[in-house]
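Single-structure report; data block below.
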Amino acid sequence: MKNIIKLTALALAGALALTTGAVSADKTKVGFIYIGPPGDHGWTYAHDQGRLAIEKELGDHVQTTFVENVPEGPDAERAIAKLAETGHELIFTTSFGYMEPTLKVAKRFPNVKFEHATGYKRADNVSTYVARFYEGRYVQGVIAGKISKSNVIGYIASFPIPEVVRGINAFLLGAHSVNPDIKVKVVWVYTWFDPPKEADAAKVLMDQGADIITQHTDSTAALQAAAERGIYAFGQASDMIHFAEKTQLTSIIDNWGPYYVARTKAVLDGTWASTDTWDGMDKGMVVMAPYTNMPADVAALAAKTAESIRSGAFHPFTGPIHNQAGEQVVAAGAVADDGMLAGMSFYVQGIDDKLPQ
Amino acid sequence: MELLIASIMTMMTAATPLVFAATGELVSEKSGVLNLGVEGMMLIGAVFGFAAVTLTGTPLAGLLVGSLSGLLAALIFAVLTLTLLSNQVATGLALTIFGTGLSALVGLDYVGETIVQIRAVHLPVLSDLPIVGRLLFGHDPLVYLAIVILGLSGWFLKHTRWGMILRAVGDSDGSAHAIGYPVIAIRYAAVAFGGAMAGLGGAYLSLVYTPLWAENMTAGRGWIALALVVFASWRPSRVLLGAILFGGITILQLNAQAAGFGIPGAFMSMLPYIATIVVLVLISRDPIRIRLNAPACLGRPFRAER
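In structure tokens:
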């Protein structure tokens with residue numbers, strides 16, 4: 004039943020997207036697979052901004068196409084293959100669950116270049132890329148630790164995967180660096196995009212005393228729920244200030260544009276090679292939205308923290324860091340290596356909750 | 027205490043779209059028509075309601091357009107099943123799939139738009155009373171409207187002449203026809219009411235609950251409303267209880283997580299459905315009760331014999 008609906012939607016979306024992409028033959032075609040609609044103002048919106056950046060900079064040589072609302076799983080394989088069949092030379096697949104489908108299609112089309120976001124499996128024609136969002140989470144933690152009055156922060160989490168767990172840990176470390184009394188309440192909603200459920204989660208967290216809401220889901224619903232009750236919240240993936248002018252403290256902006264342009268240029272001049280990219284504030288892949296609705300000293304502290312992360316002077320996961328069992332996982336003065344960060348599946352000390360397995 | 031009040035308030039808003047949709051479906055089923063298109067009608071109501079507010083800027087217009095669009099969708103269903111005598115189950119499913127697609131298409135231009143949200147009312151003295159003030163007088167106006175409509179529907183079905191005729195049509199269409207009541211016309215009216223209520227429930231989601239439009243944003247609430255009618259064994263008084271239970275369980279499972287109780291959320295999410303199955307089994311074991319409450323002609327097409 005649900006599959007029929009999804010298939011219909013997919014077919015419709017595919018038909019729409021592909022028909023608008025009628026191109027003259029001399030342009031290089033670049034394709035995108037989106038998990039949600041570009042109008043989610045979160046994850047997919049940010050990727051679409053990256054696509055538009057390509058159009059803007061290389062529009063004379065490049066034509067872009069996107070397919071939206073592609074479910075992770077077998078449907079994804081079909082959608083990716085469709086783009087490859089229709090002459091796209093570079094294809095960005097922008098969700099973790101597209102990993103296996105991307106690799107499968109890449110095998111069938113060795114001349115097409117693929118870029119898979121947030122994955123860890125590569126091939127000769129498949130690169131992976133992700134941003135160090137945890138850097139932004141740490142800054143948000145510092146802000147929350149400074150301005151929370153109830154010392155309870157509500158955290159809406161999607162799925163217990165390393166990317167999300169890393170974010171929660173970074174947020175807590177940031178908050179505890181300025182206020183060790185902060186408690187982070189985590190609610191798992193097991194979805195990336197379900198606005199009513201995200202709003203429910205925000206309301207429940209506020210009911211339980213949270214006076215700041217942060218989220219690792221894609222819609223603006225949680226921010227709007229916080230706005231309705233007049234408390235502060237963080238945006239997600241793009242600057243959401245337009246949805247809640249008196250509510251948003253800042254937002255981690257996923258700035259894919261520079262990377263997308265660079266990779267497209269590499270295909271144009273024939274220098275593209277399979278790589279693994281994990282950039283953060285230093286390369287401008289993670290950008291903080293303006294610090295709003297907070298006292299000037301907090302905004303200054305946030306900016307200073309972000310700057311020290313950007314310059315490399317400070318790493319959010321600097322020891323000593325203990326896990327919940329009290330074992331030291333990062334020694335004093337040392338920094339967590341990328342292997343530990345990439346596979347992070349434990350809570351740091353200070354989170355009063357059990358991580359779902 | 028504060029947490030309890032806050033949780034009940036949140037549960038009431040979660041229950042409201044279910045109360046709207048289930049009330050409409052109950053009236054429709056009482057007349058003998060099973061409309062499985064609730065989910066689709068809710069989505070249609072949600073997107074057209076949202077579009078109306080975006081275009082006009084008035085929340086009231088959104089609610090009107092939302093329920094009107096649900097009503098029109100239900101009329102398509104009525105023409106197919108009542109006039110053209112197509113299978114109600116298949117047509118209802120088709121209506122849901124149609125509604126999902128149509129709402130996504132219409133909604134393309136409205137994704138990411140913002141609107142002015144309908145806020146909770148604040149009555150000067152009453153809302154400030156301790157405890158009861160917020161519980162009784164602190165909701166948004168639609169919460170009250172849902173309860174009023176539910177109450178009126180119950181009263182209509184039980185105590186008015188036309189309510190009794192509607193039930194007679196649902197229990198024995200042949201007899202009602204023989205006495206001279208317009209069976210088809212009454213069913214048209216009941217289905218239309220069901221559609222309007224489903225549309226209103228959908229509009230509540232996109233205008234009040236989360237003031238935004240997102241594809242498929244009802245996320246199965248239409249199906250829950252259908253289950254709710256069975257759970258309530260076709261009695262309006264039980265719909266409210268069931269809606270609070272069904273809507274509340276989501277809130278409770280999120281609350282349990284936030285409080286760190288360690289109960290798996292998925293387990294609690296499944297509870298209302300287990301309850302529905304239990305109710306189904308219970309009422310099936312008691313044939314008299316079924317006859318008392320369930321419309322005997324539910325889902326059967328009616329063809330007038332001269």
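Line by line, the protein sequences give chains A and B. If you're matching positions, the first sequence starts at 4 in my numbering and goes up one per residue. If you're matching positions, the second sequence starts at 27 in my numbering and goes up one per residue. All residues carry an ideal CB built from backbone N, CA and C; glycine is no exception. In this text the structure is predicted, and so the values were computed from the model without any measurement.
- A straight line joining the alpha-carbon of residue 84 of chain A with that of residue 108 of chain A spans about 6 Å.
- Residue 78 of chain A does not reach chain B, its nearest Cβ partner there being about 15 Å away, counting only Cβ pairs nearer than 7 Å.
- Beta-carbon to beta-carbon, residue 263 of chain A and residue 95 of chain A are separated by about 7 Å, close enough to satisfy the 8 Å threshold.
- The segment 159-174 of chain B makes no contact with the segment 97-109 of chain B, as fewer than three CB pairs between them are under 8 Å.
- Looking at the DSSP output, residue 96 of chain A bridges to A/36 and A/119.
- When B/63, B/93, B/294 and B/186 are compared, the shortest CA-CA separation from residue 119 of chain B is found for B/63.
- With respect to residue 231 of chain B, residue 43 of chain B sits close: the two C-beta atoms are nearer than 7 Å.
- The beta-bridge partner set that DSSP reports for residue 126 of chain A consists of A/129.
- Under the DSSP assignment, residue 215 of chain A falls in the beta strand (DSSP E) whose first and last residues are 215-218.
- In this structure the segment 33-50 of chain A lies against the segment 245-257 of chain A, because at least three pairs of beta carbons, one per stretch, are closer than 8 Å.
- Among the residues facing chain B, residue 270 of chain A is not included, as its CB has no counterpart in that chain under 7 Å away.
- The residue among A/311, A/298, A/277 and A/303 with its C-alpha nearest the C-alpha of residue 283 of chain A is A/311.
- Residue state for residue 285 of chain A is assigned as helix, using DSSP reduced to three classes.
- In this structure, the alpha-carbon of residue 217 of chain A lies about 14 Å from that of residue 198 of chain A.
- Collapsing the DSSP output to three states places residue 198 of chain B in coil.
- In terms of CA proximity to residue 204 of chain A, A/161 leads the group A/115, A/173 and A/161.
- Look at residue 243 of chain B: its C-beta is under 7 Å from a C-beta on chain A.
- Per DSSP, the unbroken alpha helix (DSSP H) holding residue 279 of chain B starts and ends at 262-284.
- Contacts with chain A (Cβ-Cβ distance below 7 Å) from the segment 234-263 of chain B involve 235, 236, 237, 238, 240, 241, 243 and 245, listed in chain order.
- Scanning the segment 287-353 of chain A from its first residue to its last, the whole beta strand (DSSP E) runs of 3-plus residues come out as 289-291 and 331-333.
- Below the 7 Å Cβ cutoff, chain B contributes 40, 276, 277 and 280 as neighbours of residue 203 of chain A, in chain order.
- When the beta-carbon positions are compared, residue 119 of chain A and residue 167 of chain A stay at least 7 Å from each other.
- Under the DSSP assignment, residue 136 of chain A falls in the alpha helix (DSSP H) whose first and last residues are 136-150.
- Taking 7 Å as the CB threshold, residue 136 of chain A stays off the interface with chain B.
- When Cβ-Cβ separations below 7 Å define contact, residue 137 of chain B makes contact with chain A.
- The residues 198, 201 and 202, in chain order, have a CB closer than 6 Å to that of residue 224 of chain A in the same chain once the five nearest residues on each side in sequence are set aside.
- Ranked by how close their Cα comes to the Cα of residue 76 of chain B, the residues B/129, B/282 and B/286 have B/129 in first place.
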